[in-house]
Amino acid sequence: MPFPNWGENLEGQGMLREAVAQLERAAGLLGLDPNLADRLRHPKRALVVTVPVRMDDGRVVSYTGYRVHHNITLGPGKGGIRYAPTVSLEETTALAMWMTWKCALMNIPFGGAKGGVCCDTLSMSRREIQALTRRYTSEIVMLIGPEKDIPAPDMYTNEQTMSWIMDTYSMQMGYSVPGVVTGKPVVVGGSLGRREATGLGLCNLIFAALDRLKIDPQGTTAVVQGFGNVGSVTALTLWHDKVRVIGVSDVYGGAHNSGGIDIEAMVRHVRAGGKVGEFPGATPVSNRELLEIPCDILAPCATDGQITKENAPRIRCRVLAEGANGPTTLEADEILRGKGVFIIPDILGNAGGVTASYFEWVQDTQKYFWDIGEINQQLERIILRAFQQVMALAAEKKVSHRMAALMIGISRVAEAMRFRGLYP
Ligand code: NAD
Numbered sequence: 001m002p003f004p005n006w007g008e009n010l011e012g013q014g015m016l017r018e019a020v021a022q023l024e025r026a027a028g029l030l031g032l033d034p035n036l037a038d039r040l041r042h043p044k045r046a047l048v049v050t051v052p053v054r055m056d057d058g059r060v061v062s063y064t065g066y067r068v069h070h071n072i073t074l075g076p077g078k079g080g081i082r083y084a085p086t087v088s089l090e091e092t093t094a095l096a097m098w099m100t101w102k103c104a105l106m107n108i109p110f111g112g113a114k115g116g117v118c119c120d121t122l123s124m125s126r127r128e129i130q131a132l133t134r135r136y137t138s139e140i141v142m143l144i145g146p147e148k149d150i151p152a153p154d155m156y157t158n159e160q161t162m163s164w165i166m167d168t169y170s171m172q173m174g175y176s177v178p179g180v181v182t183g184k185p186v187v188v189g190g191s192l193g194r195r196e197a198t199g200l201g202l203c204n205l206i207f208a209a210l211d212r213l214k215i216d217p218q219g220t221t222a223v224v225q226g227f228g229n230v231g232s233v234t235a236l237t238l239w240h241d242k243v244r245v246i247g248v249s250d251v252y253g254g255a256h257n258s259g260g261i262d263i264e265a266m267v268r269h270v271r272a273g274g275k276v277g278e279f280p281g282a283t284p285v286s287n288r289e290l291l292e293i294p295c296d297i298l299a300p301c302a303t304d305g306q307i308t309k310e311n312a313p314r315i316r317c318r319v320l321a322e323g324a325n326g327p328t329t330l331e332a333d334e335i336l337r338g339k340g341v342f343i344i345p346d347i348l349g350n351a352g353g354v355t356a357s358y359f360e361w362v363q364d365t366q367k368y369f370w371d372i373g374e375i376n377q378q379l380e381r382i383i384l385r386a387f388q389q390v391m392a393l394a395a396e397k398k399v400s401h402r403m404a405a406l407m408i409g410i411s412r413v414a415e416a417m418r419f420r421g422l423y424p
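Reminder that position 140 of the sequence shown reads as 140 in the working numbering, one-by-one numbering, no gaps.
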């Protein structure tokens, strides 16, 4: 089995098909030069690496890792690192493409990149994950750097993973290079507010959407799929703002209580190692059932491909707020739009993370750190500016919010490419 999972991951292929279908539709609506549209279908470069790790039982397991630069016209590559059994070249390429459009939509000077290792960290020890991270970093070291490509956390990676990457890179350089990754702990050059920024940005957008729909947030109900970084902060922020959070889930299943779930208690329960579905005082539900619970705000914050043409007809929410990347297929998007659902598409919905990562990179570069008030104020300003631009274009061109967001991102990249010209 020399290349486990390489090119055979059907989920990853589905994601790339979805990302390319989105690009083609948006390019058609923009009347984009076919030469540029074709160029944007392809990543700039992709590195596939083997990551051998000595396990605690003495075996050496060879994992496959990836780092993809989709487009770096606007600045250094930016994008998370994912550790999951679904990770493949296709999945990583799709996620890198979405990063390109997301950074352009937010008007921040980064290109789109993504990385990952195909592995199951839930069955690995901390020592094994550290060994995997350090070896993976060494294997991709020629692609990353503060001026080249700056990784960040994604599924099953976190502040600790980023610290190991920063340390490994710094050891190779011979001095500390905090700007090589974002999403680090504050003590090693991270930014205040970065950990919460994706969920907080999503909540800023949810409240802006409710405002447009003239719905008072107090007393509305919410269901959040995924209780990791993005999902838990989203659920907690909504709960603090008096939204009744009636359902949450993790990879094992969900918890439902129509009277509302105490999210602070749920955070404590999960931190102590509990599963969401085992939370006392709520009824266990499957992830499929969770998505179909009637609510005002549905926030998929776990993974891709969750809302498809199969379950979209049964989904009953007023606002779909996408924290995850690629949770909704284009077919499902049309079904939900037909039902009048207000959609906050992923490249806008979860862009708070990359926006705060940009702040972290700026602070690391300038060696000058901001206070939390300034960070959250700038985050809200940038994300709401993008929201208004998406709303205005959707109304002007009579297109979906998703198409409007993609059109803004893609047209900015395309314009920069036209000005820079084709090398040589
Ligand atoms: P995480 O690893 O912290 O949490 C993931 C959560 O989803 C966990 O609760 C996990 O149990 C659950 N989960 C995983 N697979 C699932 C499945 N098949 N069904 C239901 N639940 C499942 O990851 P995260 O950083 O919160 O990322 C979640 C999503 O948000 C991903 O799609 C990621 O790409 C996207 N995202 C994250 C950030 C960030 O700043 N962390 C930024 C932008 C986008």
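All C-beta atoms, glycine included, are put in the ideal place defined by N, C-alpha and C.
Residue i versus residue j - alpha carbon distance
i       : j       : result
Glu-334 : Leu-36  : 27 Å
Arg-45  : Pro-153 : 21 Å
Ile-150 : Gly-179 : 7 Å
Asn-167 : Phe-207 : Note that residue 167 is Asp in the sequence shown, not Asn. One C-alpha to the other measures close to 39 Å.
Leu-336 : Gln-22  : 17 Å
Asp-216 : Gly-174 : 55 Å
Pro-300 : Ser-411 : 27 Å
Met-403 : Glu-18  : 13 Å
Gly-373 : Glu-360 : 14 Å
Ser-176 : Val-186 : 14 Å
Ala-26  : Gly-77  : 22 Å
Val-270 : Asp-364 : 32 Å
Gly-28  : Glu-331 : 17 Å
Met-171 : Val-224 : 40 Å
Cys-295 : Leu-213 : 15 Å
Gly-7   : Glu-90  : Caution is warranted here: a pLDDT of 41 is assigned to Gly-7, below 50, making its placement in the model unreliable, and the coordinate value is therefore given only provisionally. Gly-7 and Glu-90: Cα-Cα distance of roughly 7 Å.
Pro-109 : Val-413 : 11 Å
Gly-340 : Glu-396 : 18 Å
Lys-114 : Leu-143 : 11 Å
Leu-132 : Leu-320 : 36 Å
Asn-158 : Gly-193 : 14 Å
Met-162 : Thr-182 : 7 Å
Beta-bridge pairing of residue i - partner residues as DSSP gives them
i       : result
Phe-425 : It is not possible to answer for residue 425, since the shown part of the chain is limited to 1 through 424.
Gln-225 : Pro-300
Arg-45  : His-69
Ile-150 : Lys-78
Lys-114 : Val-68
Tyr-83  : Val-117
Arg-244 : Thr-221
Tyr-63  : Val-51
Ala-255 : Val-248 and Pro-284
Ile-307 : Thr-328
Gly-145 : Asp-149
Near ligand 1: residue i beta-carbon under 7 Å from a heavy atom
i       : result
Asn-229 : yes
Ser-191 : no
Asn-350 : yes
Ala-324 : yes
Asn-287 : yes
Gly-80  : yes
Val-399 : no
Thr-198 : yes
Ala-96  : no
Thr-355 : no
Asp-443 : Outside the displayed range of the chain (1 to 424) lies residue 443, so it cannot be described from this structure.
Asp-120 : no
Gly-226 : yes
Asp-38  : no
Ser-138 : no
Ser-249 : yes
Ala-302 : yes
For residue j and residue i, believed in contact at Cβ under 8 Å, the rounded distance
i       : j       : result
Ser-88  : Cys-118 : 7 Å
Gly-277 : Ala-302 : Rounded, the Cβ-Cβ distance is 14 Å, inconsistent with contact.
Leu-290 : Cys-317 : Not quite, the Cβ-Cβ distance comes to about 12 Å (not below 8 Å), so this is no contact.
Phe-342 : Ala-209 : 5 Å
Arg-39  : Val-20  : Incorrect: roughly 13 Å between the Cβ atoms, too far for contact.
Leu-47  : Ile-140 : 6 Å
Val-245 : Gly-260 : 6 Å
Leu-438 : Trp-101 : Past the edges of the chain, shown from 1 to 424, lies residue 438, and the structure says nothing about it.
Gly-116 : Cys-103 : At roughly 18 Å, the Cβ-Cβ gap does not stay under 8 Å, so Gly-116 and Cys-103 are not in contact.
heavy atom of ligand 3 below 7 Å from residue i C-beta
i       : result
Met-155 : Looking at this structure, you won't find ligand 3 anywhere; what it does contain is ligand 1.
Q) Three or more C-beta pairs closer than 8 Å, one from the segment 46-57 and one from the segment 412-423: is that the case here? A) no
Q: Taking 8 Å as the threshold, find out whether the segment 235-255 comes into contact with the segment 318-331 through three or more Cβ pairs.
A: Taking 8 Å as the limit for Cβ pairs, the verdict is that the segment 318-331 does not touch the segment 235-255.
Q. Is the segment 83-96 in contact with the segment 364-374, if contact means three or more CB pairs nearer than 8 Å?
A. no
Q.
Taking contact to mean 3 or more Cβ pairs, one atom from each stretch, closer than 8 Å, check whether the segment 199-213 and the segment 377-388 are in contact.
A. yes
Q | the segment 94-101 touching the segment 58-78, judged by at least three CB pairs closer than 8 Å | A | yes
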